[in-house]
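Below is one structure, written out as structure tokens; the observations come after it.
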Amino acid sequence: MKIKELTNYLEQFAPLSYQESYDNSGLIVGNPNDEVHRALVSLDCTEAVVDEAIAEGCDIIISHHPIIFKGLKRFTGQNYVERTVIKAIKSGIALYAIHTNLDNVLGGVNSKIAEKLELESVSILSPKKHLLKKLAVFVPRTHVEDVREALFKGGAGHIGEYDEASFNTAGYGTFRPLDDANPTIGSRGEQERVEETKIEVVYPAHIERQVLVAMFAAHPYEEVAYDVLQLDNTVQKVGSGAIGNLNEPLPGEDFLRFLKETLKLSVIRHTALPDHPISRVAVCGGAGGFLLQDAIRSGADVFITSDYKYHEFFDAENKILIADVGHYESEQFTQELLLELIQKKFANFAVLLTETETNPIKYFI
């Protein structure tokens, strides 16, 4: 298939608009119209991973972490980033990254960690705001059904587990066509009063273009009257981290043993163990320290994440157990998640998990 068929599917699950401002998810090397026949999935994209892709006959690498975060001014092979990109281009291998956009969806990176820990009633720890917009469009009664159906087909009107959601208000509109107008209803120079319905629908901001295109295509007026409003509503399935409950509470030390065994950890850095059992668990793959207060407010007994600095451990203030499991370790199952996603959609497409160890941190135990 073409690269864009694969990437469009991944971006339907984790839209690029959900990535953080510092990120660089998406197609990094390659032409969207190029064909691909075999993919290699990895957490990181390194020279060794490109070598593995060459050896396995893969023509695209899908990694969690982008090989490029910042703009490159030269490709002289002076560092591992430049060398990796040069090798991929020379070998005709496309590079694609699905990073914080995959972190920020329910069913993504953090949900996979929760699944490994067998957590129940899993939800987003810190849902995002400002991802929704509302469209209000004024439609003559004769075309209400056509316009409303077009909006639904364009992706509007989906709220949680419900679709085709709209609010409709009857009224009338007035207008006077000017000399250069070509009115659907009425005559130039004469004021018209038309029975209309205001249709209101909510939609994700990142699909605005397709919603408006659908609206314009179905609306009969030469000049369409409509409003677009940015909403402050949170989106419960989009945001940072995840939180859920253990099926049975565990004493602090028993929980750490369970965590170490389940995530295949060499070591866990943690704060003082609580004097009560662990029941509610918050997680964030990668560097999640910014979510500590969200975890505390959500009633979590433990917050599992990585990349904590010495003084940041004090922020627990005996309100929560912080368990730093390591960056690679917290995200290692992302590869498995991507494999499952791709195989679910493209059963006949060859996709492999990397056998290359990309964790740059080693432990002397």
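Each residue of the sequence shown is one higher than the one before, counting from 30 in this note's numbering.
The beta-carbon is built from N, C-alpha and C at its ideal position, and this holds for glycine as well.
Every value quoted in this text rests on a predicted model; they were computed, and no experiment measured them.
Return the chain-ordered list of same chain residues with a C-beta closer than 6 Å to the C-beta of L131, the five sequence neighbours on each side being excluded. A43, G137 and V138
Under 8 Å between C-beta atoms of F167 and A247: no
Starting from R309, trace the alpha helix (DSSP H) both ways and give me its first and last residue. Element bounds for R309: not the alpha helix (DSSP H) but the beta strand (DSSP E), I307 to A316.
Contact the stretch 71-83 vs the stretch 117-125: 3+ CB pairs below 8 Å: yes
Which residues does DSSP list as the beta-bridge partners of T334? D353
Can you tell me whether A376 is buried or exposed, with buried defined as 16 or more other CB within 10 angstroms of its CB? exposed
At a cut of 8 Å, does the stretch 330-344 reach the stretch 374-388 through at least three beta carbon pairs? no
For T203, the nearest candidate out of A165, T226 and G189 (CA to CA): T226
Closest Cα partner of F18 within the set A329, S269, A126 and L366: The structure shown has nothing for residue 18, since the chain only spans 30 to 394.
If you reduce the DSSP assignment to three classes, tell me which class Q265 lands in. strand
With a threshold of 7 Å on Cβ separation, who are the neighbours of I57 within its own chain once the five nearest residues in sequence on each side are excluded? P95, I96, I97, L124, Y125 and A126
Please list the terminal residues of the continuous beta strand (DSSP E) segment that includes E14. Nothing about residue 14 can be reported from this structure: the residues present for the chain run from 30 to 394 only.
At what residues does the beta strand (DSSP E) containing F181 begin and finish? Not the beta strand (DSSP E): F181 falls in the alpha helix (DSSP H), residues V173 to K182.
Counting pairs of beta carbons, one from the stretch 184-192 and one from the stretch 283-299, are three or more of them closer than 8 Å? no
Span separating the alpha-carbon of E342 from that of A352: Note that residue 342 corresponds to Phe in the displayed sequence, not to Glu. Rounded to whole angstroms, F342 to A352 spans 9 Å at the Cα level.
Please state if the CB of S359 and the CB of I142 are separated by a distance shorter than 8 Å. yes
Tell me which same chain residues have a C-beta within less than 6 Å of the C-beta of L39, skipping the five on either side of it? I127
Considering F378, what are the terminal residues of the beta strand (DSSP E) in which it resides? Where F378 is concerned, there is no enclosing beta strand (DSSP E), given that its DSSP letter is neither H nor E.
Look up N274 in the DSSP assignment and give the residues it is bridged to. E149 and R309
Within its chain, find whatever has a CB closer than 6 Å to the CB of Q48; leave out the 5 residues flanking it on each side and keep chain order. S54, T129 and N130
Can you tell me the Cα-Cα spacing of L294 and P233, whole angstroms? 38 Å
Measure the alpha-carbon distance for T291 versus K348 and round it to whole angstroms. 24 Å
Distance, Cα to Cα, S195 vs V70? 41 Å
Which residues share a DSSP beta bridge with G55? A126
At 3 residues or longer, and completely inside the stretch 32-92: list those beta strand (DSSP E) runs for me, N to C. 55-58, 67-71 and 89-92
Given G86 as reference, the closest of T198, V65, I272 and R103 once Cα atoms are compared: V65
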